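Q: For the sequence shown, my numbering assigns the number 857 to the initial residue and increments by one for each residue that follows.
Beta carbons are placed, not taken as given, at the ideal position from N, Cα and C, and that holds for glycine.
Quantities reported herein were computed from a predicted structural model and do not represent experimental measurements.
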Amino acid sequence: MTMRLRPTALTATLPFLLVAGLALAQSTTKPEPRSPDGKRYLAQPLVTKIYVADPSAHVFNGKIYVYPSHDVDAGIPDDDLGNQYAMHDYRVLSMDRPGGPVTIHPVAIDVKQIPWASKQTWAPDAAYKNGTYYLYMPARDKQGVFRIGVATSKSPTGPFKAEAQPIRGSYSIDPAVFTDTTGESYMYFGGIWGGQLQRWSKGSFDPNAGDTDLKQDDRPALSPKVARMSADMKQFAEPPRDVQIVDEAGKPLLGGDHDRRFFEAAWMFKRAGKYYFTYSTGDTHFLAYAIGDNPYGPFRYTGHILSPVQGWTSHHSIVQFQNRWWLFYHDTQLSNKNHLRSAKMTELTFNPDGTIRLIDPFKK
C-alpha cells in the first residue's frame, strides 16, 4: 500500500520559496571583479581605503609587514619621467597571516619630515637589526636629483625619524636591502627613465644624459647597483658596484633586450643556497629573475616571474612565511589609472630544479 502525503499550504508554496530564496541569494552576491577587457583577477587588493604600490614585504616577529608607496592623485598627466607619481608619505600595512585582515597604520613618515628631500617619496624598503627598524626611502633632493635616505624607529610601523642627509654615494631609486645568512646586509638599487640611472653612467650626475636609457641596443644594458651596508645600516660600507645580469652564454644582457634587461624594482632573496636577483623589465611589464652564487653576482638570467599586470608599472617583493613563499605585487584594478595602484599577494611556487613557475595575474 502506498501512502500519499496530503497537500498543505506549506508544501504547495515550498517550490516558490526555494526559487525566491535562490533569486535573493543571486541578487545579493556581488559579481566577480573583471578587468576592462573582461579578465578575472588572480588576487584582490590587500586594502581598498587607500592606494598603495611597490609593496616591500618582510616578516618581523612572526607577522607580515608591508612597506609600500602611498599613491595619491595630484592631477599630473602621465609622462615617461613619472611626474604623476607624486607620493609624499609612507603608510605601513600589517597582517598576522596571508589572507587575514590587513591593518593600515598611521603615517610612518612624511616628506616634510625628511630634511634633505623635496618631493616624490617613491618605492621604499625596510630592514631590522639590533632592536632598530630601518626605512630606506628614495626621493628627490632639493636639486631634483633622486637620492636614497634612511629613517629609524623602534617599531616596525613607525613613526620613523629621518637622518639629516641621504646615504653618501646613493643615487637613483628603488632600494632593496637584503641580509644574508652571514649577517651582512646589502642594498640593491637603481632604475632607468624617471629613476635617472642613465644619468649616472659616467660616475657623476649628468642632467643631459637623456630621459630613457643610453640608446645603445647592441651594448650591455645599464646595470642596477649593489653596495654592502655599514654595521649601523645607515651608510654604504663600500662604493656601489654593478650588478651584472648575464645570458645563458655568460654575456651581459644587451640594452635592446627589453624582455630581459633590468629597468627597475630590484629585490633579492636566498633559497637553497642560491641568490635570486629579481626585477622589473619596465616598458615590457614583466617581473624577471636571475640566479647567482653570491650577493654580488653575476646573475644568470633564468626567466619571468609574473606576466604583465593591468597598468604600466610592475614592482614587487618576495618573502617566505611559514615554509611558503609569497609574491607581493600591484596593479590598477581599483582605479584603472597608472598612478593609483593597489597592492596584492599570491603564492609563489618553485620547480624541483629551483626555477620559479610563471604566474599569470589573471585567472584562466
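So A1146 and G1111 are in contact, right, with Cβ under 8 Å, and what is the actual spacing, rounded?
A: Contact doesn't hold; Cβ gap of about 16 Å is too wide.
Q: Just to confirm my understanding: we take R1180, look at its own chain, exclude 5 residues before and 5 after, and list those with CB closer than 7 Å. What are they?
A: The answer, listed in chain order, is E1203.
Q: Relative to the C-alpha of K1107, which residue among D1074, T1169, R1097, E1120 is closest?
A: Ranking D1074, T1169, R1097, E1120 by Cα distance to K1107 puts D1074 first.
Q: Count the other CB atoms within 10 Å of the CB of G1039; is the residue buried (16 or more) or exposed (fewer)?
A: With fewer than 16 other Cβ atoms within 10 Å, it is exposed.
Q: Answer with buried or exposed for K1130, where buried requires no fewer than 16 other C-beta atoms within 10 angstroms of its C-beta.
A: exposed
Q: DSSP state of D1139, grouped into three classes?
A: helix
Q: At the level of alpha carbons, what is the spacing between M1124 and P889?
A: 32 Å
Q: How would you call T977, buried or exposed, if buried means at least 16 neighbouring beta carbons within 10 angstroms?
A: T977 is classed as buried because its beta carbon has at least 16 other beta carbons within 10 Å across all chains shown.
Q: Flag this pair as yes or no: are the beta carbons of F1061 and I1029 separated by less than 8 Å?
A: no
Q: Since L1070 is in the beta strand (DSSP E), which residue starts that stretch and which ends it?
A: Premise fails: L1070 is in no beta strand (DSSP E) and is neither H nor E.
Q: Does DSSP classify V875 as helix, strand or coil?
A: Low confidence applies here, because V875 scores a pLDDT of 42, under 50, leaving its location unreliable and the question unanswered by this model.
Q: Mapping the DSSP letters down to three states, classify W1168 as helix, strand or coil.
A: coil
Q: By the 10 Å Cβ neighbour count, where 16 or more other Cβ atoms means buried, how is K1220 classified, buried or exposed?
A: That one is exposed.
Q: Quick one: any contact between the region 897-915 and the region 1155-1172, if contact means 3 or more CB pairs under 8 Å?
A: Between the region 897-915 and the region 1155-1172 there are three or more C-beta pairs closer than 8 Å, enough to call the two in contact.
Q: From P1063 to W1056, what does the alpha carbon distance come to, in whole angstroms?
A: About 9 Å.
Q: Can you look up K968 in the DSSP assignment and give me helix, strand or coil?
A: K968 falls in the helix class under three-state DSSP.
Q: Put R1055 into one of helix, strand or coil per three-state DSSP.
A: helix
Q: Note down, in chain order, each residue of its chain lying with its Cβ closer than 8 Å to the Cβ of G1210, except the 5 sequence neighbours on either side.
A: R1127, A1128, K1130, I1147
Q: Helix or strand or just coil, what does DSSP make of W978?
A: coil
Q: For D1103 and Y1152, what's the separation of their Cα atoms in angstroms?
A: 16 Å
Q: With a 10 Å radius around its C-beta and 16 neighbouring C-beta atoms as the bar for buried, classify R1116 as buried or exposed.
A: By the neighbour-count rule (16 or more Cβ atoms within 10 Å), R1116 is buried.
Q: With respect to the beta strand (DSSP E) encompassing L1204, which residues constitute its N-terminal and C-terminal limits?
A: 1198-1204
Q: Let me confirm a value: S1136 is counted as buried when at least 16 other C-beta atoms fall within 10 Å, else exposed. Which label applies?
A: buried
Q: What distance in whole Å lies between the Cβ atoms of Y1042 and A1083, which are believed to be in contact at a cut-off of 8 Å?
A: 7 Å
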